[in-house]
Structures are given as C-alpha cells and as structure tokens.
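Colleague: First to last, the protein sequences are chains A and B.
If you're matching positions, the first sequence starts at 435 in my numbering and goes up one per residue.
If you're matching positions, the second sequence starts at 435 in my numbering and goes up one per residue.
We put the CB at the ideal spot given by N, CA and C, even for glycine.
Note that the structure is predicted; figures quoted are calculated from it, not measured.
Just passing along the structure, written as structure tokens.
2 protein chains.
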Amino acid sequence: MRDNPLPIILSGPSGVGKDAVLARMREMGLRLHYTITATTRPRREGERDGVDYYFVSQKRFQEMVEGGEFLEWANVYGNWYGVPKKQVQEALGRGLDVIIKADVQGAETIKGIAPQAVFIFLAPPSMEELEERLRQRKTESTEELSERIKTAREEMESLHMFDYVVVNHQIDQTVSQIDAIITAEGCRVKPRVIKL
Amino acid sequence: MRDNPLPIILSGPSGVGKDAVLARMREMGLRLHYTITATTRPRREGERDGVDYYFVSQKRFQEMVEGGEFLEWANVYGNWYGVPKKQVQEALGRGLDVIIKADVQGAETIKGIAPQAVFIFLAPPSMEELEERLRQRKTESTEELSERIKTAREEMESLHMFDYVVVNHQIDQTVSQIDAIITAEGCRVKPRVIKL
C-alpha cells in the first residue's frame, strides 16, 4: 500500500527473460500487482490460465478490443496479446504498484497513453547471449527464430525511451535492481502523475 | 566502480540523524566515498579527526576558503563547515559514488553548482520527534536548542528542491532506501551529467 502507486512497465526484447524475472519477483515476495495479460496464443507447458496469462479465444479477444478493455494490445508473431486496463486501474486504486510486462512495441503504446509511468528496459548481457537464449527456447521454427532475432536487434534501439535499463546478467541481481528502482520511485519528492 | 559515478547529497534538518545514518551505511559496507567535512567546531566525544571530520583551526579554514578548496562552506551556529572539492572530484574520478553530508543551506549551495547531483532529504517521522532528538543530544544550551528547532522547521520547507525524501523511522530501513536510490540512479537510461 502506498499513497502514490505506480504502473511499472517491464519490457525488453523477446528472449531476454521477462517471464523468468517476473516469476522470481513473485517467488521473492515483492509486493506488487502482477498484471495478467490476455492472449490468444496456445498455452505452453507449465503455463496456467488466470496465473501466467488469460488464455482467450480470438472471438473473446476481439470483443475485448471492441469494448476498449485493453491498455495496449498487439499482434505478435500471429498471436494477440492485451493488457486489461481495468485490472491495472483497480490495483492502483488499492494502493498497489502494478507491474506490466510488455514487448517493446507495447511499451511504446503505453508510453503514449501514460508517459509518466515507470519504464524499465530489461537488456541481455550481449546480443550473442540473447540469440542463444532464443535458440534454446525451441518453441519457434527456424523462420520464426530468425525473425525474432531481427526484431530483437531493432528493439534494442528503443532503449532511449525508457527510464531505466537493467542488464539481466544474473536473475537475483536483476530482481534486486528492479526492487531498488521501485523503492527509489516511491521516495521521489515530486511524484509522477499517472492518468490512465 | 561505475562508468557514471554520482555525487549524492544527504541533507535534512539538524537532529534528523544524518551522522547516524552515514555511520550505519559504513557499517553495512555500502561502497561509496564518504566525504569528510572540514570543520572548526570542537570535537565531540567519540569523534575522530580525519574520519568523522577534519578538525581544523579558524586560520586553516580561512586559508582553504581563500584557496577555493571548498565545494560549499558555511557558518552554522558559530562554527565553520566545508566540503573539500578535491576529495569529491578524486573519488568520482576513481569511479566511486560520493556521499556528501550537508545541512539544508549547504545542499542549496551545491544545487547551484551541481544541479544534476542526487539530492536526498532525510526527514524526521514528525516535528515532535525531531525536537525530542535535539533535546536528547544535550550538547546545546537552551537558546541554541530553540534556535535549532526554529531552523529545523524552516528547513522542512526546502524539501521541494530535493529529488528524494527518506523518512528516518528506522535506521536500517533508511539505509536500505538510500541504497535503493543509489542503485536506481545507476540504472538510469539517461545518466545525469555532473560538472564540478
């Protein structure tokens, strides 16, 4: 609970480890609302509906878009992803900081709507390491993989629109830096003014 | 060591606990250069020359002022205090963040010289608590005490020129928040540009 809760956008190129970092943040008990994204993409092994994502049909997703229910939504590699606006507003209303995972394109959209949100770019230690991580994921075809690598290189160029960059060398250090950023933002004399 | 080391100004009203917080930061091993202030005031029990302060004569202090050796210097309750500029420049040159203790007036002077430094205001949990702490110090006469209380009230009004405010409820939490601010500042995408 705090007087001036913030939306915190955690972004970065595909494969950088956003999901793993978020999972570790939960494990370590960082007190935040973790936004659950709605998606039309098939569930991967180990993912739980309503926890990792809301897995919805194309039809339901389209209804949500038309109802203006998303803070941002985008098609990524043929699947739809959307951040439910109401969920973010409700958590902020309860005095909770909200962490929103977004790809770089999504972060740019949110920047247009809420420029005063906190934007964190999760960066790979190197591009070579990022490519290796994408390869190891083995959920993509060769074509998808090379497209992802190309996109990741482009995404690295959007760094300048972010407030903070955290290099994901070692996950516990990454989580501790994100935690420090959230703590420091809570100590600002001039609070950010958030309108959603 | 970091690429973009910062001067961090720790300020706040007299009696708020700046010295105790700095001592705890050292104990906890926060890797910073702790600036040693030169002063003409008499050494208090337990204080060590060259560690807590450089205790210098009026004459030596005057020479340092005339030699332009201070980042800021001021007379506070009849004693002179000065922050040696060279010490700060050298530590920054070695890639170390530098923490500078300053009273509120001193912080304002440094703000004029280095507006991009990081300014942290250490605030008391309440004015009542601050007055109680000043009373317990027992190093001041009744007159000095009531002057300090009056000044402290005025100093609280300078909060708006600071970047961060940390309420000194509990010293370990205070140190951990200052540590978080320093970590977060190191993650900024657009580094502060420091000229001294």
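Should residue 560 of chain A go down as buried or exposed, given a rule of 16 or more other Cβ atoms within 10 Å for buried?
Modeller: Exposed, by the Cβ-count rule.
Colleague: Pop quiz: residue 551 of chain B and residue 467 of chain B are said to be a contact at Cβ under 8 Å. What is the actual Cβ separation, rounded to whole angstroms?
Modeller: That pair is no contact at about 14 Å.
Colleague: Taking residue 618 of chain B as part of the alpha helix (DSSP H), name the residues at either end of that continuous run.
Modeller: Segment 605-620, the alpha helix (DSSP H) holding residue 618 of chain B.
Colleague: By Cβ distance below 8 Å, which residues in the same chain neighbour residue 590 of chain A in space, the five residues on each side in sequence not counted?
Modeller: If we look at residue 590 of chain A and ignore the five residues flanking it on each side, its Cβ neighbours are 447, 557 and 561.
Colleague: Please report the Cβ distance between residue 518 of chain A and residue 548 of chain A, rounded to the nearest whole angstrom; I am assuming they are in contact, meaning their Cβ atoms lie under 8 Å.
Modeller: At roughly 15 Å, the Cβ-Cβ gap does not stay under 8 Å, so residue 518 of chain A and residue 548 of chain A are not in contact.
Colleague: Are the C-beta atoms of residue 489 of chain A and some chain B residue less than 8 Å apart?
Modeller: So, not an interface residue.
Colleague: Short of 7 Å in beta carbon distance, which residues of its chain neighbour residue 583 of chain A, apart from the five on each side in sequence? Order them along the chain.
Modeller: Result list for residue 583 of chain A: 565 and 568, in chain order.
Colleague: Which value, in whole angstroms, describes the spacing of the CA atoms of residue 506 of chain A and residue 586 of chain A?
Modeller: Between residue 506 of chain A and residue 586 of chain A, the C-alpha separation is close to 20 Å.
Colleague: What residue range is occupied by the uninterrupted beta strand (DSSP E) comprising residue 471 of chain B?
Modeller: Element bounds for residue 471 of chain B: 471-473.
Colleague: Exposed or buried, residue 611 of chain A, counting other C-beta atoms within 10 Å across all chains shown (16 or more means buried)?
Modeller: When all chains shown are included, residue 611 of chain A counts as buried.
Colleague: Can the beta-carbon of residue 628 of chain B be found closer than 8 Å to that of residue 544 of chain B?
Modeller: Not a contact, by the Cβ cut-off of 8 Å.
Colleague: When the Cα atoms are used, what is the spatial distance from residue 520 of chain B to residue 542 of chain B?
Modeller: One C-alpha to the other measures close to 19 Å.
Colleague: Just confirm the distance between the C-beta atoms of residue 535 of chain B and residue 456 of chain B, as a whole number of angstroms; I'd bet it's less than 8 Å.
Modeller: Contact flag correct, Cβ pair sits at about 6 Å.
Colleague: Tell me which residues of the region 547-561 of chain A have at least one Cβ-Cβ distance to chain B shorter than 9 Å, keeping chain order.
Modeller: Residues passing the 9 Å Cβ filter: 553, 554 and 555.
Colleague: Could you round the C-beta distance between residue 533 of chain B and residue 469 of chain B to whole angstroms and report it? I think they count as a contact, below 8 Å.
Modeller: The Cβ separation is near 7 Å, so the contact holds.
Colleague: Tell me the rounded alpha-carbon separation between residue 491 of chain B and residue 509 of chain B.
Modeller: Looking at the two C-alpha atoms, the distance is approximately 14 Å.
Colleague: Considering only C-alpha positions, which residue in the set B/623, B/438, B/626 and B/624 is nearest to residue 530 of chain B?
Modeller: The residue with the shortest Cα to Cα distance from residue 530 of chain B is B/438.
Colleague: Per the DSSP calculation, residue 468 of chain B is bridged to which residue(s)?
Modeller: Answer by DSSP bridge pairing, in chain order: B/533.
Colleague: Is DSSP giving residue 443 of chain B helix, strand or coil here?
Modeller: Residue state, collapsed to three classes: strand.
Colleague: Look at the Cβ atom of residue 605 of chain A, then the Cβ atom of residue 621 of chain B, and state whether they are nearer than 8 Å.
Modeller: Taking 8 Å as the Cβ cut-off, residue 605 of chain A and residue 621 of chain B do not qualify as a contacting pair.
Colleague: Compare the C-alpha of residue 596 of chain B against each of B/579, B/577 and B/539 and name the closest.
Modeller: When only C-alpha atoms are compared, the closest one is B/539.
Colleague: Select from the region 586-599 of chain B all residues with a C-beta closer than 7 Å to any C-beta belonging to chain A, and list them in chain order.
Modeller: Correct list: 593, 594, 596, 597, 598 and 599.
Colleague: Counting only the same chain and skipping the five closest in sequence on each side, list residues whose C-beta sits under 7 Å from that of residue 475 of chain A.
Modeller: These residues qualify, in order along the chain: 513.
Colleague: Three-state secondary structure (DSSP) at residue 633 of chain A?
Modeller: The requested residue 633 of chain A is not part of the displayed model; chain A covers only 435 to 630.
Colleague: Out of A/624, A/602 and A/600, state which residue places its alpha-carbon closest to the alpha-carbon of residue 600 of chain B.
Modeller: With distances taken between Cα atoms, residue 600 of chain B lies closest to A/624.
Colleague: Measuring only between beta-carbons, confirm whether residue 623 of chain B sits less than 8 Å from chain E.
Modeller: Within the model displayed, chain E is absent; protein chains A and B are what it includes.
Colleague: Residue 617 of chain A versus chain B: which residues are under 7 Å apart at the beta carbon?
Modeller: The answer, in chain order, is 611 and 614.
Colleague: Quick one: complete alpha helix (DSSP H) runs, 4+ long, within the region 559-591 of chain B?
Modeller: Whole alpha helix (DSSP H) segments, 4+ residues: 561-571 and 576-589.
Colleague: Report buried or exposed for residue 449 of chain A, applying the criterion of at least 16 other Cβ atoms within 10 angstroms of its Cβ.
Modeller: Counting Cβ neighbours within 10 Å, residue 449 of chain A comes out buried, since at least 16 surround it.
Colleague: Pull up the CB-CB distance for residue 477 of chain B and residue 495 of chain B, whole angstroms please, since I reckon it's below 8 Å.
Modeller: About 15 Å; that fails the 8 Å criterion.
Colleague: By the three-class DSSP mapping on this structure, what secondary structure does residue 555 of chain A have?
Modeller: Here residue 555 of chain A sits in strand by DSSP.
Colleague: Which residue's Cα is closest to the Cα of residue 577 of chain A: A/511, A/461, A/464 and A/527?
Modeller: Ranking A/511, A/461, A/464 and A/527 by Cα distance to residue 577 of chain A puts A/511 first.
Colleague: What residue from A/598, A/516 and A/453 has the CA that sits closest to residue 497 of chain A's CA?
Modeller: The option with the nearest alpha carbon to residue 497 of chain A is A/516.
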